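This report refers to the structure that appears directly beneath it.
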Amino acid sequence: MKKYVIICLALVCLCLMVPLLCACDGGETVTLYVYNWGEYISDGSEDSLDVNAAFEEWYESTYGVRVKVNYSTYSSNEDMYAKLSSGATNYDIVVPSDYMIARMIDEGLLRVLNMENIPNAEYIDYSAMFGNGLPYYDPTYQYSVPYTYGTVGIIYNKTMVNEADLGTWDIMWNEKYTGNVLQFNNSRDAFATALFKLGYSVNTEDEAEWREALALLMEQKPIVQGYVMDEIFNKMENGSAAIAPYYAGDFFTMYDDNPDLGFSYPKEGTNVFVDAMCVPTSSKNPEIAERYINFMLTREAAIANAEYMCYASPNTLVVNDSEYRAYMADIHPDALEILYGTTGLKLEFYENLPEERLMLLNSLWEDLKIESPINTAIIVMAGAVLGGCVGAGVFFAVRARKRRRIVSGLWQ
12 MKKYVIICLA
22 LVCLCLMVPL
32 LCACDGGETV
42 TLYVYNWGEY
52 ISDGSEDSLD
62 VNAAFEEWYE
72 STYGVRVKVN
82 YSTYSSNEDM
92 YAKLSSGATN
102 YDIVVPSDYM
112 IARMIDEGLL
122 RVLNMENIPN
132 AEYIDYSAMF
142 GNGLPYYDPT
152 YQYSVPYTYG
162 TVGIIYNKTM
172 VNEADLGTWD
182 IMWNEKYTGN
192 VLQFNNSRDA
202 FATALFKLGY
212 SVNTEDEAEW
222 REALALLMEQ
232 KPIVQGYVMD
242 EIFNKMENGS
252 AAIAPYYAGD
262 FFTMYDDNPD
272 LGFSYPKEGT
282 NVFVDAMCVP
292 TSSKNPEIAE
302 RYINFMLTRE
312 AAIANAEYMC
322 YASPNTLVVN
332 DSEYRAYMAD
342 IHPDALEILY
352 GTTGLKLEFY
362 ENLPEERLML
372 LNSLWEDLKI
382 ESPINTAIIV
392 MAGAVLGGCV
402 GAGVFFAVRA
412 RKRRRIVSGL
422 WQ
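Residue numbers (this note's numbering): 12 to 423.
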């Protein structure tokens with residue numbers, strides 16, 4: 012009997028010690044679910060800082076709580092929205108684009124942030140993105156904190172283009188470049204090139220202006236080599252096209268492979284977009300999520316992300332940092348001017364269009380794509396698919412950093 016009593020006492024002591032041992036080891040681990048664009052954070056590759064790992068280490072040393080970041084990615088705002096709005100999965104951090112933030116606020120999918128947990132938000136320079144205006148998608152600054160922003164411009168091959176033709180959207184309609192012009196293969200971006208050329212708003216509510224833009228795109232069609240998205244990288248890098256509109260941050264990826272490429276902003280104006288960090292209403296760890304946002308705004312993390320993505324940073328700790336500026340100048344001599352030298356240029360956001368306007372745009376886009384018996388976009392896509400079958404592993408390894416922007420559910 013004595014033997015059994017001793018054994019029982021030993022088991023009781025062991026049971027009492029387990030929680031103490033767990034407490035000494037930092038207690039239970041809290042999982043923070045972060046949902047972001049693919050390849051949109053410094054992850055430790057190519058000698059970069061692993062920002063998520065740095066946050067985990069910092070949080071435990073600062074608050075005594077072990078946090079594990081569960082990081083997953085999406086390829087479009089619509090994919091993120093569908094998954095979040097279904098309620099099937101809970102996330103603590105999402106990084107939507109401007110128009111999607113507005114939609115999610117309207118639908119009650121985002122929490123009002125406690126800015127006391129995000130003191131580094133003071134380093135965000137809203138004037139760089141909005142001039143003297145307010146972020147239309149979050150005018151009270153309550154639901155989001157900008158993560159990065161970007162613009163659209165014209166990428167061109169200096170050996171194939173007369174620089175006197177630059178500085179205007181007109182170049183994409185210039186017949187001397189027939190067969191060497193690429194156009195966006197998504198309706199919102201493609202129509203924007205025409206609307207800007209015509210001097211109209213990209214959010215116009217006038218159906219006649221949308222139809223005028225269609226007529227202009229129809230006029231352009233005979234000189235267009237293809238309607239592309241991802242395919243632009245190969246085509247501009249290998250010199251098989253001379254002119255293409257695309258996102259400024261992605262220009263540097265192409266330039267790295269082809270130093271004959273240049274970048275130009277059209278005088279008529281162009282699109283600007285903002286991606287911002289938000290906390291969904293379904294978050295189970297909103298306080299940790301807010302501290303995660305604050306960490307992303309620290310100098311080390313923000314610079315690591317800016318250098319990794321090559322998009323413009325809204326953070327003054329980044330923009331004013333001499334090491335960052337030297338790094339970007341090493342990537343391209345005009346990198347800082349391309350990313351941040353848009354003062355005075357007309358910049359316009361894509362707003363989430365009303366349903367009837369979306370239906371019209373989809374219809375006009377279909378008219379454009381089926382007008383010709385041979386759809387150049389399909390030809391380009393088919394070539395890309397065949398090439399991908401040969402070297403898909405190489406393609407995705409090299410193209411990892413670019414992101415696809417699909418606006419308002421309009422894509423083909």
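By construction, the Cβ of each residue, glycine as well, lies at the ideal position given by its N, Cα and C atoms. All figures in this text were calculated on a predicted structure; none of them were measured in a lab.
(message) Assuming the contact rule is C-beta atoms closer than 8 Å, Tyr257 and Ile166 should be a hit. Round their C-beta distance to whole Å, please.
(response) 5 Å
(message) DSSP has Ile254 in a bridge; who is on the other side?
(response) Tyr167 and Val192
(request) Indicate whether Thr353 and Thr162 have their beta-carbon atoms separated by less than 8 Å. (result) yes
(request) Out of Asn326, Thr84, Asp332 and Leu369, point me to the one whose CA is closest to Ala132's CA. (result) Asn326
(message) Pop quiz: Tyr85 and Ala287 are said to be a contact at Cβ under 8 Å. What is the actual Cβ separation, rounded to whole angstroms?
(response) Their Cβ separation, rounded to whole angstroms, is 15 Å, which puts Tyr85 and Ala287 out of contact at 8 Å.
(request) Within 10 angstroms of the Cβ of Glu57, are there 16 or more other Cβ atoms? Answer buried if so, exposed if not. (result) exposed
(message) What does DSSP give as the partner residue(s) for Met288 in the beta ladder?
(response) Val156
(request) Assign Gly237 to buried or exposed, taking buried as 16 or more other Cβ atoms, counted over all protein chains shown, within 10 Å of its Cβ. (result) buried
(request) Check Ser198 in the structure and name its three-state DSSP category. (result) helix
(request) Work out the CA separation of Leu328 and Thr309 for me, nearest whole Å. (result) 8 Å
(request) Alpha carbon to alpha carbon, how far is Glu318 from Ala411? Give it in angstroms, no decimals. (result) Confidence is the limiting factor: at Ala411 the pLDDT is only 37, short of 50, which leaves the residue's position unreliable, though a coordinate-based value still follows. Computed Cα separation, rounded: 15 Å.
(request) Assign Arg222 to buried or exposed, taking buried as 16 or more other Cβ atoms, counted over all protein chains shown, within 10 Å of its Cβ. (result) exposed
(request) Could you round the C-beta distance between Gly280 and Lys187 to whole angstroms and report it? I think they count as a contact, below 8 Å. (result) Between Lys187 and Gly280 the Cβ distance is about 24 Å, and since that is not below 8 Å, they are no contact.
(message) Looking at Asn81: is its Cβ nearer than 8 Å to the Cβ of Thr42?
(response) yes
(message) Please report the distance separating the alpha-carbon of Gly282 from that of Asn363.
(response) Checking the sequence, you will find Asn at residue 282 rather than Gly. Approximately 14 Å, taken between the alpha carbons.
(message) What does DSSP give as the partner residue(s) for Asp61 in the beta ladder?
(response) Asp54
(message) So, for Lys169: in the same chain, excluding its five sequence neighbours on each side, which residues have a beta-carbon less than 6 Å away from its beta-carbon?
(response) Asp271 and Gly273
(message) With three or more C-beta pairs closer than 8 Å as the rule, is the region 209 to 220 touching the region 244 to 261?
(response) no
(message) On the DSSP letters alone, give me the boundaries of the alpha helix (DSSP H) that Lys246 sits inside.
(response) Ile243 to Glu248
(request) Report the rounded CA-to-CA distance for Gly250 versus Ala300, giving the unit in angstroms. (result) 45 Å
(request) Round the Cβ separation of Phe263 and Ile314 to the nearest angstrom and send it over; I've been treating them as touching at under 8 Å. (result) About 16 Å; that fails the 8 Å criterion.
(request) Let me know the secondary structure DSSP gives Ala99 once reduced to three states. (result) coil
(request) Would you identify the three-state DSSP class for Trp376, choosing helix, strand or coil? (result) helix
(message) For Ala205 and Ala219, which I take to be in contact (beta-carbon distance under 8 Å), what is that distance rounded to the nearest angstrom?
(response) The Cβ separation is near 13 Å, so there is no contact.
(request) Could you name the residues of the same chain whose beta carbon sits closer than 7 Å to that of Arg336, not counting the 5 residues immediately before and after it, in chain order? (result) Leu347
(message) Quick check: the Cα distance between Phe141 and Met320, rounded to an integer number of angstroms?
(response) 21 Å
(request) Would you mind working out which of Asp241, Ala340, Lys94 and Tyr74 sits nearest Met11, comparing C-alpha positions? (result) The structure shown does not extend to residue 11, since the chain is modelled only from 12 through 423, so no value can be given for it.
(request) Reducing DSSP to helix, strand and coil, say where Leu209 ends up. (result) helix
(request) State yes or no: is the C-beta of Trp69 within less than 8 Å of the C-beta of Phe306? (result) yes
(message) Here's a check: name, in chain order, each residue in its chain whose Cβ is nearer than 7 Å to the Cβ of Asn125, leaving out the five neighbours to either side.
(response) Glu301
(request) Would you mind reading off the limits of the beta strand (DSSP E) that contains Leu350? (result) Run containing Leu350: none in the beta strand (DSSP E); it sits in the alpha helix (DSSP H), Ala346 to Tyr351.
(message) Once the 5 residues before and after Asp54 are set aside, which same chain residues still bring their CB inside 8 Å of it?
(response) Asp61, Val62, Asn63 and Tyr319
(message) Please report the distance separating the alpha-carbon of Leu369 from that of Asn316.
(response) 34 Å
(message) For Phe202, which residues in the same chain have their Cβ closer than 8 Å to its Cβ, ignoring the five residues on either side in sequence?
(response) Val213, Trp221, Ala224, Leu225, Leu228, Leu372, Leu375 and Trp376
(message) Less than 7 Å between C-beta atoms, sequence neighbours within five positions excluded: which residues of the same chain meet that for Met265?
(response) Ile166, Phe244, Met247, Glu248 and Leu272
(request) For Phe274, write down the residues that DSSP places opposite it in a beta bridge. (result) Ile166
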